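Below is one structure; the comments refer to it alone.
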Amino acid sequence: MAITEALLDSRYLILLACPESAASVWVGKETAIWLEHRSAADIVVVVTGEEELVWDESANVLTGPALSEPVRTAITAQPRWVDLRWAKHEEHGADHPGFRDTVAEIAAPLHGMSKVQLVGEDLQQQRRSRRIVRTTIAALVALVLVIGGLARYAVEQRDTARGQTARAVSQRVAVRSDEVRSTDPSLAAQLALAAYRGSPTTEAASSMLTAVSTSLDSRALGHASGVTAVAVSPDGAVVVTGGLDDALRFWVRGRTGGLTLAARRTAGVLGVSGLTFAPTGRQLAVIGTTGVLTMVDVRVPRLPAVVATVRTRHAQIFDVVSGADGVVATASKDGTVLLWDVRTPSRPILRHTLSTGRYLGGIDLAADGRTLAIAYRGATPRIELVDVARGRTTKTLPVPVDTSDDVLARYSPDGHQLAVVFDHAFGVFDLAGANPRFTPLPTVHAGQITVLRFSTDGSRIATGSQDHLVVLWDAHRLRALLKLAHPALVTDLVFVPGSTTVVTAADDGAARVWDPDRRLTTTETGPIWAMARSADGRLLAEAGSDRSVVLWRVVPGRPIVEIGRISGLPGRVDSLAPTPDGRRVIVHSAVTETSSRVQVWDVSHPASPALITTLGVHDVSAVALSPDGTTLATGHHNGAVRLWSASDLRGSAPKQSLLLPLRSSPVWTLRFSPDGRQLAAASKERATYLWTVATPEAFPRMVPSADDSATAVAFSPDGRYLATGAPQHDVQIWDVATAPYRGPIATLHGHTDGIYALAFSPDGRTLVSGGRDHTVIVWDVADLRAPALRARLTSPGGEVAALVFLDSHTVAVADQTVRLVETSLARASSLVCDLAGDGLTAAEWRVYLPEWTYDKPC
């Protein structure tokens, strides 16, 4: 019924003619309906079969099997028809020209227009459709762009907010790092690193550089409670710790000195109170508070084995020491000292029992194992020296103080000194003569000293105290060298053999490794006014108000070592100039405000420097030596600058006096350019003057100062740029390769007071400035026309008087001491993890960085 209605509603019938449709019953019914109600003239024939359809003009009939008989009979006039048989054999689509032409041939009369008109209308419709599509696409693209812009803006706003939050957290954590540095350097360093990685703020960078430029400890965590004892094998490779958890931890020292856990085992005693290695390093003696002595075989640190356990009748053994020939001594709280022969570790033999009384303080064996020192406290504190072979006292040394606190005693490795601790002070006995002489040392600790050790070379003494402080002392000059702020109460300490590295034990459950020579090179002797390095890099000389010059050997990758001193100088040393080979040092000393001495010293044998000559002028205010060592420049209080032949400084007549525009103000600083062709002089004349050394008679060029004077100058390594510092805070950088100077190419703001020192790194990428504001600023000057502040470090020693680079990233800073400061942030990041030991725990992270997800820095 629906088909019939559709046919009756149609104006034309399009008949697809082929044998199959001609034979189809349904096609026959549809054509019958059409012929019954419509005209055969309104049938449009489309030939799709293989057979040809032919119009017979003479008979007015279509012939061929493509049409059924009723249709052929009904068509009496030539019908509209098209041939589409080709379409069965060719690929085509709606855009195929032949197909479009055939369709137009059929459709044109149906629409009552010519084929040309129909095709034109179709093209116009296509163009309209395309325009609509293009307009729609453009609108959609615009909408996408708007939405994308809004999304990008939202993302940018989100990222900005996150960045601001990260910067705020980084700055806050950096402040906390600075606050805890004095009590826990390792924690401070790792907090600084975490802050910098979270957001590289100036505060975090400054905190991180400060952390790695101090005496940073490498901590090792592992004990469940306090660490009470520590020992290091004779080769320095293995560290053993014992604690109140009745356990031993065996650690292997790494390349950077940090500790890696090798093994854990039960100590075999309750409450480890002491450890000592036998001289061979193969066995370890362990004592406990319950009177047990255990011998452990440590030849394989990862597989330690208990080889003997001896139970004594003496409770609370608190000290154990070892000496040569397999001698081990133990001390108990009941006043008993036991002397053991452990040459066969599996069968310790008790040789002597010494009942000393209840005032026993501590014991120590001389390195040869022949003499035992026993310290007594109480009303008559004293040290008794005991012959180990006979078990008899051979000498008594009275301690010149009254103390009821424990008295400790430790032999130097050569046996010539005996260091004695009483309360919070100590002194040293000189045992070399027949009558031992006692020298008390200055009181440094604020609490009772609980532990005392000599370094294996005898050059250092370390003391630990209840004031959470470890102090290193010069064992020869008997003076304090360095204070190490310890995070917890120090319970034991020991030197790593062959070095000044100290391993400490503490009641917070951690062992720590300290390498003091890595960053600190001098003692606190007063302000240091001058510092210079020889051109070959091997000699560093520094001097100050104590009228002496300290000479240091600089070897890349090794600690800086003091090799000699020039003492008894006529006044405060204001400037120094080593010769390029480091065999001589020119020393300028201020005798009074207006008079001085310039001396030449032979330091080829640094342990015994020799005065060569004194310059015959007495009004010098500054000196500088050319890089090739041939010319000495002197600046004078009257503003004069003179050049001298460095090979002949015995006379009083210079080889050249330079022409100056003014002769009224003292010359404060002199610097030769790296190639020696230029000489810069800074004075109080609102300018720095530059001479060409080859033509000293010529009038100097003038580099204006930002202030009323110039106090510091430094050439870049290529000599093209000159940095100048002024009393009023600013550093200016000048291009001195071209003249006239129209102004500085950069002005660096960061200091709050006068600038006393400037130094470029050897690669020219870093500039460091220091001065009166107790601050060292590290500048990134890789692009000198756009420098940036990299970090700001506080100088703990006060005013910074001198700066000298030792390599491209390490600068020596002189204030009250000479400290080595790291300037590379990339190296600092690596150093923190190399030196700080075990990383931040999750608990520490929650305390200090709750805003960020736990990400262990090391």
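The sequence shown: position 709 = 695 (the numbering used here), numbered continuously. For each residue, glycine too, the CB sits at the ideal point set by N, CA and C. Predicted model, so just to flag it, every value in this text is computed and none were measured.
Using only the alpha-carbon positions, how far apart do residue 478 and residue 484 sit? CA-CA distance, residue 478 to residue 484, rounds to 19 Å.
Please report how far the alpha carbon of residue 510 lies from the alpha carbon of residue 245, in whole angstroms. Bear in mind that a pLDDT of 46 at residue 510, under 50, signals an unreliable position, so the number given afterwards is only what the model happens to contain. Each residue's alpha carbon lies about 30 Å from the other.
| task | Kindly list the residues whose CB is nearer than 6 Å to the CB of residue 197, restricted to its own chain and excluding five residues on each side of it in sequence; keep chain order. | result | Excluding the 5 residues flanking it on each side, residue 197 has same chain C-beta neighbours closer than 6 Å at 174, 175, 178, in chain order.
Contact belief for residue 558 with residue 533 at Cβ below 8 Å, rounded distance in angstroms = Sure, about 7 Å apart at Cβ, within 8 Å.
- Mind reading off the beta-carbon distance from residue 761 to residue 778? Whole number of angstroms is fine, and I expect it under 8 Å. That pair is a contact at about 6 Å.
**Asked** Grouping DSSP H, G and I as helix and E and B as strand, with all else coil, what is residue 622?
**Response** Looking at residue 622 - three-state DSSP - the assignment turns out to be strand.
### Task
Whole angstroms is fine: what's the gap from residue 9's alpha carbon to residue -3's?
The alpha-carbon atoms of residue 9 and residue -3 are separated by roughly 24 Å.
Fill in: Assigned secondary structure, residue 384 (DSSP; H/G/I helix, E/B strand, else coil)
Residue 384: strand per DSSP, three-state reduction.
Three-state class that DSSP yields for residue 402 in the structure shown: Residue 402: coil per DSSP, three-state reduction.
Worksheet item: Straight-line CA distance for residue 702 to residue 625?
Response: Rounded to whole angstroms, the separation of the alpha carbons of residue 625 and residue 702 is 25 Å.
Mapping the DSSP letters down to three states, classify residue 510 as helix, strand or coil. Because the pLDDT of residue 510 is 46, which lies under 50, any placement of that residue in the model is unreliable, and the number read from its coordinates should be weighed accordingly. Residue state, collapsed to three classes: coil.
Which of the three DSSP states, helix, strand or coil, is assigned to residue 159? Reduced to three states, the DSSP call for residue 159 is helix.
**Proximal residues to residue 556 (C-beta, below 7 Å), its chain only, five neighbours per side dropped** = Excluding five sequence positions before and after residue 556, the CB atoms of its chain that fall closer than 7 Å to its own CB belong to 575, 577, 583, given in chain order.
Check your understanding: What three-state label does DSSP hand residue 596 in the structure shown?
Key -> Here DSSP, grouped into helix, strand and coil, assigns residue 596 to strand.
Quick one: which unbroken beta strand (DSSP E) runs of 3-plus residues sit fully inside the region 20 to 52? Chain order, please.
Listed in chain order, they are 29 to 33, 40 to 42, 47 to 49.
Check: Taking DSSP as the reference, what is the three-state secondary structure of residue 192?
Finding: In the three-state reduction of the DSSP assignment, residue 192 falls in the helix class, which pools H, G and I.
Specify, as a first and last residue, the run of the alpha helix (DSSP H) that residue 832 falls within. Where residue 832 is concerned, the enclosing alpha helix (DSSP H) starts and stops at 828 to 834.
How would you call residue 402, buried or exposed, if buried means at least 16 neighbouring beta carbons within 10 angstroms?
With a threshold of 16 other beta carbon atoms within 10 Å, residue 402 falls short and is exposed.
Which residues mark the beginning and the end of the alpha helix (DSSP H) in which residue 184 is found? Residue 184 -> alpha helix (DSSP H) spans 171 to 184.
Determine which residues share a DSSP beta bridge with residue 548 and list them.
-> According to the DSSP secondary-structure assignment, residue 548 is paired through a beta bridge with 538.
Review point. Alpha carbon to alpha carbon, how far is residue 718 from residue 467?
Key: In a straight line, the C-alpha of residue 718 is about 37 Å away from that of residue 467.
Can you tell me the Cβ-Cβ gap for residue 482 and residue 222, rounded? I've got them flagged as a contact below 8 Å. Confirmed, Cβ separation roughly 5 Å.
Checklist entry - CA-CA distance, residue 621 and residue 609? => result Roughly 6 Å separates the two Cα atoms.
| request: Let me know the secondary structure DSSP gives residue 895 once reduced to three states. | output: With the chain represented from -13 up to 844, any question about residue 895 goes unanswered, as that position is not in the structure.
Inset, instruction - Take residue 678 as the anchor and find which of 698, 711, 642 has the nearest alpha-carbon. - result: Checking every option, the nearest Cα to that of residue 678 belongs to 642.
How many Å lie between residue 71 and residue 121 at the Cα? Residue 71 and residue 121: Cα-Cα distance of roughly 40 Å.
- request: Out of 57, 749, 397, 19, point me to the one whose CA is closest to residue -9's CA.
  value: Selection 57, 749, 397, 19 evaluated against residue -9 yields 19 as nearest (Cα-Cα).
Cβ of residue 592 within 8 Å of Cβ of residue 660? Cβ atoms of residue 592 and residue 660: not closer than 8 Å.
query: With which residues is residue 690 paired in a DSSP beta bridge?
result: Per DSSP, 673.
Checklist entry - Near residue 460, what residues of its chain come up, given a Cβ to Cβ distance below 6 Å and the 5 sequence neighbours on each side ignored? => result Contacts found: 467.
Next item on the list: Pair every Cβ in the region 249 to 265 with every Cβ in the region 300 to 312, then say whether three or more of these pairs are closer than 8 Å.
Entry: Taking 8 Å as the limit for Cβ pairs, the verdict is that the region 300 to 312 does touch the region 249 to 265.
Exercise for review: Give me whichever residues DSSP pairs with residue 642 in a beta bridge.
Suggested key: Answer is 629, bridged to residue 642.
| message | Within a Cβ cutoff of 8 Å, which residues of the same chain sit near residue 380, ignoring the five residues on either side of it in sequence? | response | Spatial neighbours of residue 380 in its own chain (CB-CB distance under 8 Å, excluding positions within 5 residues in sequence) are listed in chain order as 357, 371, 372, 373.
Report all residues from its chain with a CB closer than 6 Å to the CB of residue 411; omit the five preceding and five following residues, and keep chain order. Once the five neighbours on either side are set aside, the close Cβ partners of residue 411 are 429.
Beta bridge counterpart(s) of residue 348 as assigned by DSSP: Beta-bridge partners of residue 348 (DSSP): 361.
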